[in-house]
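As structure tokens, the structure follows; a few thoughts come after it.
Numbering (my numbering), first residue to last: 1439 to 1571.
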């Protein structure tokens, strides 16, 4: 491995996709009571073993409809102007979102969750249990 990692390329592939009734990215955060399905590709289903040991999980996803970004943006939730890393904006340098959601149930390769602020068709990159400290 090179000592200088400034020029590395990172490639990620979705492990699944979001299915829900949210179609407008601007309203996704307001729909926190919406139930969503996370449908994993079948080759990742085994990775869900014992996920129901947790009632909350972190869902990492890709803002696939977002284009470009600004280092300074106006936050939607409080109207304050802030740096991109101090916001939940989908307009980010790498377009990665993360949300802690309630895990309602799991059926085979499908997770039923509540509180996911992602739109229908959003690619899911990873899932981790949420452990509060």
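All C-beta atoms, glycine included, are put in the ideal place defined by N, C-alpha and C.
CA-to-CA, the gap between residue 1517 and residue 1524 works out to about 12 Å. Within the model, the alpha-carbon separation for residue 1569 versus residue 1490 is close to 13 Å. Bridge partners of residue 1541 according to DSSP: 1551.
Excluding residues up to 5 positions away in sequence, 1475, 1476, 1477, 1478 lie with their Cβ nearer than 8 Å to the Cβ of residue 1548 in the same chain. Judged by DSSP in its simplified three-state form, residue 1491 adopts helix.
Around the beta carbon of residue 1557, 16 or more other beta carbons lie within 10 angstroms, which makes this residue buried. Beta-bridge partners of residue 1457 (DSSP): 1475.
The Cβ atoms of residue 1453 and residue 1542 lie no closer than 8 Å to each other. According to the DSSP secondary-structure assignment, residue 1534 is paired through a beta bridge with 1500. Between residue 1501 and residue 1535, the CB-CB gap stays under 8 Å.
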